[in-house]
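There are 2 protein chains.
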Amino acid sequence: MNDESTQRYQTRMQKKKAVVDARIAQANESRGVLILLKGAGKGKSSSAFGTLARTLGHGYQAAVVQFIKGRRETGEYLFFRDHPALEWHIMGHGFTWETQDQAQDKAAAEAAWAVTERLLQDERYRLLILDEMSYMLKYGHLSVERVVQALQQRPKTQNVMITGRTMAQPLQAIADTISDVGDERHAFRGGVKAQAGIEY
Amino acid sequence: MNDESTQRYQTRMQKKKAVVDARIAQANESRGVLILLKGAGKGKSSSAFGTLARTLGHGYQAAVVQFIKGRRETGEYLFFRDHPALEWHIMGHGFTWETQDQAQDKAAAEAAWAVTERLLQDERYRLLILDEMSYMLKYGHLSVERVVQALQQRPKTQNVMITGRTMAQPLQAIADTISDVGDERHAFRGGVKAQAGIEY
Numbered sequence: 022m023n024d025e026s027t028q029r030y031q032t033r034m035q036k037k038k039a040v041v042d043a044r045i046a047q048a049n050e051s052r053g054v055l056i057l058l059k060g061a062g063k064g065k066s067s068s069a070f071g072t073l074a075r076t077l078g079h080g081y082q083a084a085v086v087q088f089i090k091g092r093r094e095t096g097e098y099l100f101f102r103d104h105p106a107l108e109w110h111i112m113g114h115g116f117t118w119e120t121q122d123q124a125q126d127k128a129a130a131e132a133a134w135a136v137t138e139r140l141l142q143d144e145r146y147r148l149l150i151l152d153e154m155s156y157m158l159k160y161g162h163l164s165v166e167r168v169v170q171a172l173q174q175r176p177k178t179q180n181v182m183i184t185g186r187t188m189a190q191p192l193q194a195i196a197d198t199i200s201d202v203g204d205e206r207h208a209f210r211g212g213v214k215a216q217a218g219i220e221y
Numbered sequence: 022m023n024d025e026s027t028q029r030y031q032t033r034m035q036k037k038k039a040v041v042d043a044r045i046a047q048a049n050e051s052r053g054v055l056i057l058l059k060g061a062g063k064g065k066s067s068s069a070f071g072t073l074a075r076t077l078g079h080g081y082q083a084a085v086v087q088f089i090k091g092r093r094e095t096g097e098y099l100f101f102r103d104h105p106a107l108e109w110h111i112m113g114h115g116f117t118w119e120t121q122d123q124a125q126d127k128a129a130a131e132a133a134w135a136v137t138e139r140l141l142q143d144e145r146y147r148l149l150i151l152d153e154m155s156y157m158l159k160y161g162h163l164s165v166e167r168v169v170q171a172l173q174q175r176p177k178t179q180n181v182m183i184t185g186r187t188m189a190q191p192l193q194a195i196a197d198t199i200s201d202v203g204d205e206r207h208a209f210r211g212g213v214k215a216q217a218g219i220e221y
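Taken in order, these protein sequences are the chains called X and B. Just so you know, my numbering puts 40 at position 19 of the first sequence, and the rest follows in order with no gaps. Just so you know, my numbering puts 201 at position 180 of the second sequence, and the rest follows in order with no gaps.
Below, the structure is given as structure tokens:
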């Protein structure tokens, strides 16, 4: 590296620092947020579980409600289930395309929502993960007004993450953070089988 | 629900099941994959750490190399650091816009890559997470050819996840899965301060 490129690098980074510092100074409100992880790409539920580790790592309590029960024992469940600051509810009774029974699916959604409403009223939980909850709205198993109301009335310090491919507009309207995970490529379409530790 | 809507629901789900089953039947190769998590949206590193929990939950060994050391003690580090099947390396010495020193940044990248090369030759590690590694290529601290070669020569069962906003084209060319996490909204821009358990 010559002196000129070193100087350029330093100038570039000084500018970047000024921008970053200004942004940090502007964001000064402390409160729980609603985060939506949508889109067809890989990484939505795993992002929620990474955030769960992050929250537990700081000594907070958390809870997970899984609205679709796919496989019996996922790696994340095996890993987290014995953590003392965590409640984990596997609700639902299978992928909807496996069960093909609307009444049963709706009853399962109601049961999962009853658990969720209790958690949404308890400020001891710093983070709630509502995994695959968006499908309950897509298929009309839950009323979006009821869901929005319960989310809006939750404790001020509580963070909520909801995952699922599509997100109802009223949910998006009240969200603080929305990440849209695009599926640019997936190993599955390249012929690679779903594997323990990566897909489940 | 009347009989007609019940019937429609069942038909819809039967069609979905047929599509899902056909796709599953086609994907029958078993091997480690390279997953890239790029884009400006929230959820890339957290997705990698969720996958880490998933991999550890199935009893596999894993390793993390963090190429940019931001905060000293993140929630994920506090949470995972004592796990017996995990190696965690916090390399780098700060955000580049804080250090503003190119020679020091390059030396830190080299040291992190030396650790990574060792891990990429060791089949005991089922999953490697190279967190924020893409910046090393963006700023020219590492050679992309060297990175690509080491990734291609890794053990067949090893999964690798790389996170970062931008991804060099040669990395994208050899990836099995690419998720592009779009930043549709972020609480930070809404004035909410970064908080323990969510951002770090």
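For glycine and all other residues, C-beta sits at the position ideal for the given N, C-alpha and C.
- When secondary structure is reduced to three states using DSSP, R206/B falls in the strand class.
- Proximity of the segment 54-69 of chain B to the segment 175-189 of chain B meets the contact definition, three or more beta-carbon pairs being nearer than 8 Å.
- Counted as a single uninterrupted DSSP element, the beta strand (DSSP E) harbouring K59/B occupies residues L55 to K59.
- Spatial neighbours of G96/X in its own chain (CB-CB distance under 7 Å, excluding positions within 5 residues in sequence) are listed in chain order as A217, G218 and Y221.
- V40/X has its alpha-carbon roughly 40 Å from the corresponding atom of F209/X.
- Of I195/X, R147/X and L151/X, the smallest CA-CA separation from P176/X is found for R147/X.
- Shortest Cα-Cα distance from M112/B to any of L99/B, P105/B and D126/B involves D126/B.
- Against chain B, the CB of V202/X has a partner CB under 8 Å away; the residue lies at that interface.
- For L141/X, there is no enclosing alpha helix (DSSP H), as DSSP marks it with neither H nor E.
- With respect to chain X, the C-beta atom of I199/B has a partner C-beta closer than 8 Å.
- At a cut-off of 8 Å between beta carbons, A196/X contacts chain B.
- Within chain B, the C-beta atoms nearer than 7 Å to that of L77/X come from F100, in chain order.
- By the CB criterion at 8 Å, A83/X and L107/X fall inside the cutoff.
- The CB of Y81/X comes closer than 9 Å to the CB of G96, A217 and G218 in chain B, given here in chain order.
- For Y156/B and R33/X, the gap between their C-alpha atoms comes out near 14 Å.
- Looking at the backbone, the Cα of S66/X and that of E144/B are separated by about 27 Å.
- R93/X and K90/B have their C-alpha atoms some 37 Å from each other.
- Under DSSP, A84/B takes part in a beta bridge, and its partners are E108/B and L149/B.
- Around the CB of A194/B, fewer than 16 other CB atoms lie within 10 Å, so the residue is classed as exposed.
- Secondary structure of D197/X (DSSP, three-state): coil.
- For V213/X, no alpha helix (DSSP H) encloses it, and the DSSP letter there is neither H nor E.
- Judged by DSSP in its simplified three-state form, I89/B adopts coil rather than helix or strand.
- Interface criterion met: the Cβ of V213/X is under 8 Å from a Cβ in chain B.
- Rounded to the nearest whole angstrom, the C-alpha separation of L158/X and Q123/X is 13 Å.
- By the neighbour-count definition (other C-beta atoms within 10 Å, threshold 16), A74/X is a buried residue.
- The CB of R186/X never comes closer than 7 Å to any CB in chain B; the least such distance is about 13 Å.
- Assignment of E50/X by DSSP, reduced to helix, strand and coil, places it in the strand class.
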